[in-house]
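Student:
Residue numbers (the numbering used here): 188 to 514.
1) Give me, in chain order, the residues of the same chain whose beta-carbon lies closer than 8 Å to that of residue 424; leave out the 5 immediate sequence neighbours on both sides.
2) Let me know the alpha helix (DSSP H) ranges lying completely inside the segment 279-339, each 4 residues or longer, listed in chain order.
3) Excluding five sequence neighbours on each side, which residues of the same chain lie with their C-beta closer than 8 Å to the C-beta of residue 335?
4) Where residue 203 and residue 347 are concerned, what is the direct C-alpha to C-alpha distance, given to the nearest angstrom?
5) When DSSP labels each residue in this structure, what does residue 384 get in the three-state scheme?
6) Tell me which residues share the same chain as residue 315 and place their Cβ nearer than 7 Å to its Cβ, disregarding the 5 neighbours each side in the sequence.
7) Where does residue 441 fall in DSSP's three states?
8) For residue 479 and residue 389, what's the separation of their Cα atoms in angstroms?
9) Select from 445, 325 and 287 the residue whose C-alpha is nearest the C-alpha of residue 311.
10) So, with DSSP's three-state summary, where would you put residue 495?
11) At what residue ranges does the segment 230-260 contain a whole run of the alpha helix (DSSP H), taking only runs of 4 or more?
12) Are the Cβ atoms of residue 343 and residue 391 separated by less than 8 Å?
13) If contacts are defined as beta-carbon pairs under 8 Å, then residue 266 and residue 295 qualify, I think. What distance do you get, rounded to the angstrom?
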């Protein structure tokens with residue numbers, strides 16, 4: 188790129204969706220921000236679709252404020268992006284090229300911001316080619332949650348045929364945990380309201396138990412000694428402990444720190460720590476291509492309607508991903 192081109196690019200701007208103060212969905216607004224430039228081992232993606240997830244809502248509401256000391260407003264949410272490689276920075280290994288259709292696991296807690304933008308710059312290691320045959324909308328809906336599910340299962344380290352309890356099973360994350368657990372050979376006990384039982388069984392759950400007050404007794408009726416491992420995608424926290432055996436293992440997926448008794452081991456999983464694990468990201472893409480992991484698009488909205496998407500997420504009952512499109 189010539190000096191004149193660099194000067195021109197430094198004055199270009201892009202659209203982003205973000206906020207200056209933490210709060211409700213109404214804090215989201217359309218912004219004009221400088222076009223980000225690539226550095227060593229980075230790529231820039233022209234974003235065409237960004238999925239809306241509970242993690243985005245938590246960022247918007249200030250749930251990660253204590254971890255954002257290096258980030259200055261405006262804050263741009265979004266961890267899942269699909270689009271096309273627009274620029275490749277220096278010192279890359281040749282794995283990606285301009286024009287590649289890709290998906291990316293974006294880290295919005297970094298100074299470069301999240302996926303709700305026309306362009307995003309991020310480490311090339313966090314970017315992999317999109318599943319063959321997928322469109323941008325579908326491709327934007329799986330990477331972050333499927334990676335979270337993979338890390339959750341690896342953290343629990345259960346052996347084939349051991350039982351795994353999954354809470355929040357009808358949600359996108361819960362569904363991926365079940366599907367990956369079955370690929371690992373585990374026996375899955377998952378919770379669901381009556382209206383969601385068929386959905387949860389379609390993911391491969393071996394047993395479906397009720398949500399709410401009947402959850403722990405139902406698990407104990409199947410496993411009198413309690414479960415070895417539990418993935419708490421439903422954020423039950425202490426309410427889930429009764430389903431675990433003494434010395435069992437539980438992954439708390441929104442950072443709950445206990446306390447837990449009976450020797451139960453609590454683990455917290457923050458997927459950002461694995462965002463540059465290219466090998467695992469590519470494995471997840473391959474599993475989507477093969478049909479072993481299934482994607483769920485609930486709706487699409489233009490980026491400017493992000494506040495509406497967040498309001499619908501806040502209302503609950505979401506059984507798929509709302510996707511923001513960036514034309």
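Virtual Cβ for every residue (Gly too), placed ideally from N, Cα, C.
Tutor: Short version:
1) 439 and 443
2) 323-326
3) 360, 363, 440, 456 and 458
4) 45 Å
5) helix
6) The residues 289, 290, 465, 468, 469 and 472, in chain order, have a CB closer than 7 Å to that of residue 315 in the same chain once the five nearest residues on each side in sequence are set aside.
7) coil
8) 12 Å
9) 287
10) Helix at residue 495.
11) 241-248
12) no
13) 6 Å
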